[in-house]
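Written below as structure tokens is the structure these notes are about.
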Amino acid sequence: MLKSPRGTRDLLPPDTALWNFVEAAARDIFRAYNFHEIRTPIFESTELFARGVGEETDIVKKEMFTWEDRGRAESDKGQSLTLRPENTAGIVRAYIEHKLWERGLNKFFSIGPMFRRERPQKGRYRQFYQIDAEIIGPAAAGSQSPARDAEILELVAALLDRVGIANWTLELNSVGCPADRTKFNEALRQALAPVVEKMCADCQRRAVTNPLRVFDCKVPEDQPIIKTLPTISQFLDEDCRTHFEEVKNILNAVHIPYVENPRLVRGLDYYQKTAFEFTHGSLGAQNAILGGGRYDGLSEALGGPPAPGIGFAIGEDRLVLSLMETATAESVIRKPDVYIAPLGGGMNREAARVASELRRHDLVVDLGDESFRLKKSFEAADKMGARYILIVGENEVAADAFALKHLASGEQVTVPRADLAQRILRK
RNA sequence: GUGGGAGUAGCUCAACUUGGUAGAGCAUCGGACUGUGGCUCCGACGGUUGCGGGUUCGAUUCCCGUCUCCCACCCCA
């Protein structure tokens with residue numbers, strides 16, 4: 210049997226109602242913060258991600274779906290294309306390409322699929338969905354301000370609260386400027402050198418390949434050593450330090466709780482200053498539902514003008530997973546207001562007329578078939594959770610009044626055609 | 001990419017310590033009940049036991065490979 214490819218899956222009803230609920234809530238929140246939707250291609254030139262995400266990142270080195278396009282002529286060498294592994298690079302590319310700063314546009318959101326060639330596990334798929342938001346623009350427009358960082362964080366908190374995710378934790382850090390990180394990395398290597406032999410095998414490897422990852426070590430014996438290691442906060446320059454302080458000041462002012470995590474780092478090269486993550490329990494090892502940060506140098510790295518920016522990406526798959534602990538898809542689905550049961554030959558066309566009329570009143574209407582016995586229609590109406598069942602038989606058509614039964618109470622009345630919609634809307 | 005666990009009906013799961021005709025509940029469809037449901041009862045449908053190979057008279061069971069999912073690692077949202 211044909212199956213969906215590894216790491217992909219079908220989203221089916223009723224779960225899709227939960228996805229729509231999340232996306233509708235996100236759109237509401239974005240509107241309140243004056244963000245506007247942008248839709249970029251799901252594949253881009255490979256070069257964009259190499260330059261934007263970072264040549265040396267695992268994402269670019271081994272986790273992208275990349276192929277060579279067919280050139281138009283023999284002499285035309287095919288361009289390397291890649292399914293987008295994240296969306297910030299694409300949005301910044303569009304910002305540059307269309308000179309969006311000229312139009313005064315600087316707050317964007319986007320919802321859609323991303324692709325990474327990783328080994329799948331729960332909450333980690335090869336096609337996954339992200340809700341992205343970015344603030345980007347000329348410094349003169351205030352895009353470098355810590356107020357934007359705080360605004361983004363407040364937006365995220367509002368969104369999580371809106372969809373009903375309780376007990377989230379905001380972890381906050383500043384990863385400084387590139388110069389700060391260089392100094393920090395150097396200090397970290399020096400601090401590790403004399404002690405690394407006493408640490409676990411993983412840490413010994415990390416100390417060489419990626420020293421920052423030592424902070425993620427979960428081995429209890431290593432913790433005392435890790436506590437003695439320097440943190441990035443000690444290496445921030447004046448500008449980064451005051452920026453970070455002001456972000457925290459504003460968060461305090463709007464009562465957004467956070468915990469400082471000096472060990473929080475970001476994997477992508479372009480992050481600077483503010484880095485953050487929202488986590489939620491019981492997602493196993495993949496406990497981050499959302500992450501983001503500031504990327505002041507990205508536009509220039511992609512050949513654009515200076516355009517400080519900050520943004521985040523919600524892992525929608527994980528958000529929905531978290532949501533399923535408390536909410537069921539059934540609770541957000543809209544059930545039919547009325548199920549119409551045509552009864553007897555020729556009644557399909559009469560039922561269609563009634564259904565058409567009721568739908569014009571914004572009622573959710575479903576119907577059976579004139580071949581159904583009444584019992585079957587009742588069972589169908591029950592199964593789909595309809596509020597009312599409406600019987601359209603010869604008697605009803607002759608009288609131009611229909612039997613309307615409230616399924617939960619069993620109360621049944623005869624209602625003239627003209628009064629049907631109002632009657633159903635009432636309760 | 002590495003390590004471990006698991007794949008049996010649409011869903012949730014059985015089928016004794018290497019082996020003997022693959023079962024239940026729920027769901028679906030039909031009937032009891034030709035214009036009044038949720039309950040009950042009866043019946044039917046449903047499977048190349050993930051796929052391929054091997055051992056065996058005989059494999060859901062044992063062995064090998066492979067695919068997929070799950071857990072963890074790497075890394076990351």
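If you read the first sequence in the working numbering, its first letter stands for residue 210, the second for the next number, and so on. Each residue gets a CB set at the ideal place from its N, CA and C atoms; glycine is no exception.
**Item:** Delimiting residues of the alpha helix (DSSP H) encompassing residue 336
**Value:** As a first step, residue 336 must be located in the first sequence, where it is residue number 127. Run containing residue 336: none in the alpha helix (DSSP H); it sits in the beta strand (DSSP E), 336-345.
Checklist line | Sequence ranges, beta strand (DSSP E) only - wholly within the segment 527-568, length at least 3 | finding: 547-552
Q) Are the Cβ atoms of residue 583 and residue 633 separated by less than 8 Å? A) As a position in the first sequence, residue 583 is number 374, starting the count at 1. As a position in the first sequence, residue 633 is number 424, starting the count at 1. Not a contact, by the Cβ cut-off of 8 Å.
> So what's residue 315 in DSSP terms, helix, strand or just coil?
Replying inline: As a working note, residue 315 is residue 106 in the first sequence. Residue state, collapsed to three classes: coil.
With a 10 Å radius around its C-beta and 16 neighbouring C-beta atoms as the bar for buried, classify residue 436 as buried or exposed. Counting from one through the first sequence, the residue named residue 436 turns up at place 227. Per the 10 Å Cβ criterion, exposed.
Looking only at DSSP bridge pairs, what is residue 614 linked to? Position 405 of the first sequence holds residue 614. The partner list for residue 614 (beta bridge, DSSP) reads 598, 621.
- [ ] Please report the residue range of the beta strand (DSSP E) in which residue 627 lies.
- [x] The residue you call residue 627 lines up with position 418 of the first sequence. Note, residue 627: premise wrong, no beta strand (DSSP E); not H, not E.
**Request:** Would you mind giving the Cβ-Cβ distance between residue 290 and residue 266, rounded to the nearest angstrom? I have them listed as a contact below 8 Å.
**Result:** By one-based count along the first sequence, residue 290 stands at place 81. By one-based count along the first sequence, residue 266 stands at place 57. Not really, about 19 Å apart at Cβ, beyond 8 Å.
Closest residue to residue 342 among 249, 408, 394 (Cα-Cα distance) | Residue mapping note: residue 342 aligns to position 133 of the first sequence, counting from 1. Of the candidates 249, 408, 394, the one whose C-alpha sits nearest the C-alpha of residue 342 is 249.
query: If you draw a straight line from the alpha carbon of residue 298 to that of residue 635, how long is it in whole angstroms?
result: Taking the first sequence and counting its residues from 1, the one referred to as residue 298 is at position 89. Taking the first sequence and counting its residues from 1, the one referred to as residue 635 is at position 426. Answer to the nearest angstrom: the Cα atoms are 51 Å apart.
Check: First and last residue of the alpha helix (DSSP H) that includes residue 662?
Finding: Residue 662 falls outside the range modelled here, since the chain spans only 210 to 636, and no answer is possible.
query: If you run the structure through DSSP and keep just helix, strand and coil, what is residue 376?
result: As a first step, residue 376 is located in the first sequence; it is residue number 167 there, counting from the start. Reduced to three states, the DSSP call for residue 376 is coil.
> Does the beta-carbon distance from residue 433 to residue 397 come in below 8 Å?
Replying inline: In the first sequence, residue 433 corresponds to position 224, counting from 1. In the first sequence, residue 397 corresponds to position 188, counting from 1. Going by C-beta atoms, residue 433 is not nearer than 8 Å to residue 397.
- DSSP puts residue 705 in a beta bridge; with which residues? It is not possible to answer for residue 705, since the shown part of the chain is limited to 210 through 636.
Check your understanding: Which same chain residues, not among the five before or five after residue 431, have their C-beta less than 7 Å away from its C-beta?
Key -> The count along the first sequence starts at 1 and reaches residue 431 at position 222. 408, 409, 412, listed in sequence order.
Helix, strand or coil at residue 365 according to DSSP, with G and I counted as helix: Numbered from its first residue, the first sequence carries residue 365 at position 156. Note: residue 365 maps to helix in three-state DSSP.
Give every residue of the same chain whose Cβ lies closer than 7 Å to the Cβ of residue 416, excluding the five residues on either side of it in the sequence, and list them in chain order. Looking up residue 416 in the first sequence gives position 207. Around residue 416: 401, 405, 423.
> DSSP three-state call for residue 263: helix, strand or coil?
Replying inline: Start at 1 with the first residue of the first sequence, and residue 263 comes out as number 54. The answer is coil: DSSP assigns residue 263 none of H, G, I, E or B.
### Message
Am I right that residue 245 and residue 314 are in contact with their C-beta atoms under 8 Å? What's the rounded C-beta distance?
### Response
Sequence index remark: in the first sequence, residue 245 carries index 36 (1-based). Sequence index remark: in the first sequence, residue 314 carries index 105 (1-based). Going by Cβ atoms, the distance from residue 245 to residue 314 rounds to 7 Å, so yes, they are a contact pair.
>> Which of the three DSSP states is assigned to residue 452 in this structure?
In response: As a working mapping, residue 452 is identified with position 243 in the first sequence. In this structure, residue 452 counts as helix in the three-state DSSP scheme.
**Asked** If you draw a straight line from the alpha carbon of residue 488 to that of residue 375, how long is it in whole angstroms?
**Response** Taking the first residue of the first sequence as position 1, residue 488 is located at position 279. Taking the first residue of the first sequence as position 1, residue 375 is located at position 166. Cα to Cα, residue 488 sits roughly 11 Å from residue 375.
* Looking at the structure shown, is residue 574 part of a helix, part of a strand, or coil, going by DSSP? -> On the first sequence, residue 574 is found 365 positions in, with the first residue counted as 1. Reduced to three states, the DSSP call for residue 574 is strand.
Task: Other residues of its chain near residue 560: CB distance less than 7 Å, five sequence neighbours each side excluded - done: Position 351 of the first sequence, counted from the start, is the residue given in the question as residue 560. Same-chain partners within the cutoff: 549, 551, 576, 601.
- Query: Is it right to say residue 501 is buried, meaning 16 or more other beta carbons lie within 10 angstroms of its own, or is it exposed?
  - Reply: For the purposes of this step, residue 501 is identified with residue 292 of the first sequence, where counting begins at 1. Classification for residue 501: buried.
**Closest by C-alpha distance to residue 470, when choosing among 462, 484, 458, 461** = Here the question's residue 470 lines up with position 261 in the first sequence. Answer by Cα proximity: 484.
ask   = With which residues is residue 321 paired in a DSSP beta bridge?
value = For the purposes of this step, residue 321 is taken as the residue at position 112 of the first sequence. Partner(s): 339.
*What are the boundary residues of the alpha helix (DSSP H) that includes residue 397?*
Working through the first sequence from its first residue, we reach residue 397 at position 188. It spans 387-401 - the alpha helix (DSSP H) in which residue 397 sits, taken as one unbroken run.
Looking at residue 503 and residue 712, is the spacing between their C-beta atoms short of 8 Å? The displayed coordinates of the chain run from 210 to 636. Any statement about residue 712 would go beyond what the structure contains.
Q. DSSP three-state call for residue 217: helix, strand or coil?
A. Position 8 of the first sequence, counted from the first residue, corresponds to residue 217. Coil.
Among the residues of its own chain, which have a CB less than 6 Å from the CB of residue 327, if the five just before and after it don't count? Along the first sequence, one-based indexing puts residue 327 at 118. The residues are 272.
message = Alpha carbons only, please: which of 613, 486, 580, 554 is nearest the one belonging to residue 546?
response = Your numbering for residue 546 matches position 337 in the first sequence. Ranking 613, 486, 580, 554 by Cα distance to residue 546 puts 613 first.
Short check: CB of residue 305 to CB of residue 506, under 8 Å?
Numbered from 1 along the first sequence, position 96 holds the residue referred to as residue 305. Numbered from 1 along the first sequence, position 297 holds the residue referred to as residue 506. Against a cut-off of 8 Å, the Cβ pair of residue 506 and residue 305 comes out as no contact.
Should residue 293 go down as buried or exposed, given a rule of 16 or more other Cβ atoms within 10 Å for buried? Within the first sequence, residue 293 is the residue found at index 84, counting from 1. Result: buried.
- Item | Environment of residue 463 [buried if 16+ CB atoms lie within 10 Å] | Locating residue 463 in the first sequence gives position 254, counting from the first residue. By the neighbour-count rule (16 or more Cβ atoms within 10 Å), residue 463 is not buried but exposed.
Q. Helix or strand or just coil, what does DSSP make of residue 289?
A. For this step, residue 289 is matched to residue 80 along the first sequence. It is a strand residue.
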